Structure formats: structure tokens, C-alpha cells
Amino acid sequence: MRYIGNKTKLLSFIASYLDELDLYGGRALDAFAGTTAVARLLKARGFAVDTCDIMSLSYVFQRAYVVADEYPKFAGLADDADLRTAKLTPQFRLLVESRLRGQGDLFSGAPDLQPLEETLVYLDTYLEPLSSFIDLNFAASESPVEGQRMYFSRPNAQRIDAIRHKLHDWWSAGLVTEEEFFILLTALLEAADSVANTAGVYAAFVKAWQSNAMKPLRLCAPDIVVGTGLKCSAHCGDIVELVGRLGRLDLLYLDPPYNTRQYSAYYHVPELIAEGWFGAELPTLRGKTGLIDDSQKKSAWSTRDGCVPALEQLLQGVDATHVLLSYNNEGIIPEKEIESCFRRYGVPSTYRRTGREYKRYRADRDSDARQYSGDHVTEFLYYVRLR
Ligand SMILES: C[S@@+](CC[C@H](N)C(=O)[O-])C[C@H]1O[C@@H](n2cnc3c(N)ncnc32)[C@H](O)[C@@H]1O
Numbered sequence: 358m359r360y361i362g363n364k365t366k367l368l369s370f371i372a373s374y375l376d377e378l379d380l381y382g383g384r385a386l387d388a389f390a391g392t393t394a395v396a397r398l399l400k401a402r403g404f405a406v407d408t409c410d411i412m413s414l415s416y417v418f419q420r421a422y423v424v425a426d427e428y429p430k431f432a433g434l435a436d437d438a439d440l441r442t443a444k445l446t447p448q449f450r451l452l453v454e455s456r457l458r459g460q461g462d463l464f465s466g467a468p469d470l471q472p473l474e475e476t477l478v479y480l481d482t483y484l485e486p487l488s489s490f491i492d493l494n495f496a497a498s499e500s501p502v503e504g505q506r507m508y509f510s511r512p513n514a515q516r517i518d519a520i521r522h523k524l525h526d527w528w529s530a531g532l533v534t535e536e537e538f539f540i541l542l543t544a545l546l547e548a549a550d551s552v553a554n555t556a557g558v559y560a561a562f563v564k565a566w567q568s569n570a571m572k573p574l575r576l577c578a579p580d581i582v583v584g585t586g587l588k589c590s591a592h593c594g595d596i597v598e599l600v601g602r603l604g605r606l607d608l609l610y611l612d613p614p615y616n617t618r619q620y621s622a623y624y625h626v627p628e629l630i631a632e633g634w635f636g637a638e639l640p641t642l643r644g645k646t647g648l649i650d651d652s653q654k655k656s657a658w659s660t661r662d663g664c665v666p667a668l669e670q671l672l673q674g675v676d677a678t679h680v681l682l683s684y685n686n687e688g689i690i691p692e693k694e695i696e697s698c699f700r701r702y703g704v705p706s707t708y709r710r711t712g713r714e715y716k717r718y719r720a721d722r723d724s725d726a727r728q729y730s731g732d733h734v735t736e737f738l739y740y741v742r743l744r
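The opening residue of the sequence shown carries number 358 in my numbering; numbering runs sequentially from there.
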């Protein structure tokens, strides 16, 4: 998913720094997990990973991409009559085979991936579109009517609604396990983001249809890390409140927000899809972009007054051997504060910092061009060994 601050393009930088520090295996915490790009790297390096984030959408990713350790089998869906009927059609088998071939896995990994691809084919091709919360509130016609929020084309919004309702029904009826549910929800979040009519964040929709938004929504199998045997766990909430309860860690990896933009206001639409709208009351929406109540998700790390005390509290509360922090040269925590905090809570002689210049994430450049000097930022890794 397109996500501000995601570290996908910096993974080799982070991995080579972990190599340099000789950090493999043990127990790690990715405290600001976001898309889980770094948590997946840590799991692949043999760490049992705990993950945390204040956003529900990240919790969905954490469960699918980090906690799940095997491909879903969907045994419970044998009881779903519609799916059974769909499977009997000749087209169904052809679609599944073509998707498995597309994975390059028809012969090797096919048996493992087949139940997932079958379920995705059913959700992608056999569900009737449904006009529900996303269609009614976040979609517009091809020639939009005044007041419509142009986040999704109506056909895509109705497919998002149909799939989200079906996942909720399967979950409520106990037909899918928790991991199966989160893997399917991840596929939906990723697919919806790729057809969203935004410049990367949901703080605004683009006022004309972009080509990606006109493509039909397509679910793809999430790329999960399987067969490690590592016990990972996911958390949704404020890391400062959680960290004291986690016990001993070998590595604490920190990638907090860099600026004063609250993630909850930038990703409210995927957050809604992640949380659903199946409570006693429908979510209340505000303003032109349909913001939801995010009073519980405001982060001190995105405030100038709150970020340094939050870093201090976190380092004070954690029981870890190594701390690694990603932060860039435009972040709101002054570099001197990071250094002084790290030296105070860690072994001062072990403190170090390394940097790499990289191309700015597109949505940053689009929305805040005036504040920045160029197209490149320097991304730093700060390290200290704790006392
Ligand atoms: C820079 S992003 C992390 C990106 C992530 N490393 C990735 O590769 O996708 C910062 C994340 O911190 C989360 N966050 C902000 N305040 C938080 C808090 N108090 N506790 C936990 N997570 C928080 C945001 O929701 C956001 O996902």
C-alpha cells in the first residue's frame, strides 16, 4: 500500500546496517509497524517479532504479513454454499489455474496457494456488487455530481462493499479463522488502495479521474512470510502504553512519524475499510473528505511539544538490548535531542548514526512542496546499546 514513511525502498539500507551490527534472531519489536515492511524483514532475519501501531489498518497488515506463518487453508469455507456452487463452474478452475501460473507456482507451491487463490477468485469474480457504506459515501459517478467524494469509481466501490460485507459474514459465522480473515482483508486493503483516486494519501481526492481509479479492482494474494515457526504477535494502540508489558527484547526498532500530519487523518478511508461499519451505529463522517472520529488515534509523535517526551518515555519503559531508530533530516525531533536521549538511556560510547540520501515519497512532494528544499531527503539510522 502507498503509505507515507513506509520503508520498502530503504530495506537494503536497514538490512546492511543490521548486518554491520551483527543482529540476527532473538526477539524484536517494530514499534511503529505501518505497512510492516520492516517487521517482515526482521521476521525473515529470524526474529520473533512483536509489532505495534496506532492504526487499525496496520493491525490488519501485522496479522497477515507477520503473525500468519502458513498459507490459509479455508477449511471452514467448505460450508459456504455459494462458493461451492462457484467452484463447480468450468470458468472457476481456469481462473484459479491462470492465477497460480501468474505466481509461477503452478507446480511447486500450487497446493499451498490454491485455497487462497480459489477464495480470491470467488470474491473477485462471483460476488454480486453491493451498494453500501463505501459506495454511498466515498464514490462518484464517471461524471461526478456536486458533493460526491471521488475516492473510488462506483463499480469499484460496490465491489469493495460486497467483499467487505462477505468477509464480515464469514467472520461472524465462524467460517474463517482470524488469520484467514486478516489475510483476505489485507488483500482487499491493498487492492482498494491501488484503485483509489488519490495522490497517495486520503486527505484529498483528485478532482479528475486518474487512470488507476478507472481500472477494475483486483485482489492479489498477499506476500506472506511462511514456514518460519517464529511466534510473532500484533498490537494496535499507543506504543508508550504497551511497551512496559512486552518483557525482554533483543531489538527495539523505531520508525515514528516524522512530521505533524496525523496518520489517522491521512488514511481514514482504508481505516474505515479495515474496521468495517457493522456496529450498532454507522460511523459519522465529517467534511468534504468524510473524516471519521480519530480522537483515540492522535499521536504525540506528530506534535512538536509531544514528540521528545514520547521518545524519553519509550526509552525509559522498554527492556531491550539494542535500539535502532529511522528518522530523516526533516523530522520534528531535533537531531540533538535524539542524540542526547540515546546517550542518556544507552551506553554513550555505543551511540552512532549513519545516513543515506533518497528520493522523496511522491505524496510528500505533491502536498508540501513549499516546505522542502528539493526532491531528496537524508534518511538516518540512529543506534545505541541500552544499559
Ligand atoms: C513512519 S510510519 C511507519 C512506517 C513503517 N515502518 C513502514 O515501513 O510502513 C509511522 C507509523 O507510526 C504510527 N504511530 C503514530 N503514533 C503512534 C503511537 N503512539 N503508537 C504506535 N504507533 C504510532 C502511525 O500510525 C504510522 O503507521
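Quick reminder that beta carbons are idealized off the backbone N, C-alpha and C, glycines included. Every value quoted in this text rests on a predicted model; they were computed, and no experiment measured them.
Beta carbon of G362: closer than 8 Å to some heavy atom of ligand 1? yes
From the DSSP secondary-structure annotation, give me the bridge partner or partners of T408. D387, A591
Which residue wins for smallest C-alpha separation from C664, given the options P573, L368, Y615? Y615
Less than 9 Å between the beta carbons of L576 and A622, yes or no? no
Euclidean distance between Cα positions of L440 and T585: 31 Å
Given this structure, state the Cα-to-Cα distance separating P627 from S706, to the nearest angstrom. 43 Å
Inspect the beta-carbon positions of V558 and F431 and report whether they are closer than 9 Å. no
Suppose the cutoff is 7 Å on Cβ atoms and the five residues either side in sequence are ignored; what does the same chain contact list for S551 look like? N569
The beta strand (DSSP E) with A677 in it runs from where to where? 676-685
Let me confirm a value: T442 is counted as buried when at least 16 other C-beta atoms fall within 10 Å, else exposed. Which label applies? exposed
In chain order, what residues of the same chain lie with their CB nearer than 7 Å to the CB of K572, ignoring the 5 residues before and after it? V552
With distances taken from CA atoms, which of N363, R661, G688, T555 is nearest G391? N363
Nearest-angstrom Cα separation, counted from V563 out to S656: 27 Å
Taking just the CA atoms, how far does L386 sit from Q653? 22 Å
How many Å lie between Y715 and L681 at the Cα? 19 Å
Among the residues of its own chain, which have a CB less than 7 Å from the CB of E632, if the five just before and after it don't count? S413
For Q670 and D607, what's the separation of their Cα atoms in angstroms? 19 Å
Which stretch, first to last residue, makes up the alpha helix (DSSP H) that contains F538? 535-551
Taking 7 Å as the limit between beta carbons, can you name the residues of its chain near E696, skipping five residues before and five after? Y708
Have a look at R506 and T482 and give me their C-alpha separation to the nearest angstrom. 26 Å
Would you call the CB atoms of A530 and N513 closer than 9 Å? no
Is the beta carbon of R744 sitting closer than 9 Å to the one on G703? yes
Go through its chain and collect everything with a Cβ distance to L452's Cβ below 6 Å, but skip five positions before and after it. V478
Tell me whether the beta-carbon of K523 lies closer than 9 Å to the beta-carbon of L484. yes
Sequence-distant residues of its chain with Cβ nearer than 6 Å to G674 (five each side left out): V600, G601
Whole runs of the alpha helix (DSSP H) within the stretch 438-489, excluding any shorter than 4 residues: 438-444, 447-459, 467-478
Can the beta-carbon of A591 be found closer than 9 Å to that of D732? no
Can you give me the C-alpha to C-alpha distance between E377 and F418, rounded to a whole angstrom? 29 Å
Does DSSP put F635 in a helix, in a strand, or in coil? coil
Along the beta strand (DSSP E) that carries E692, what are the first and last residues, could you check? Looking at the DSSP string, E692 is not in any beta strand (DSSP E); the run it does join, the alpha helix (DSSP H), is 692-702.
With distance defined between alpha-carbon atoms, name the residue in E736, R742, D595 nearest to I371. E736
To the nearest angstrom, report how far apart H525 and F539 are at their CA atoms. 11 Å
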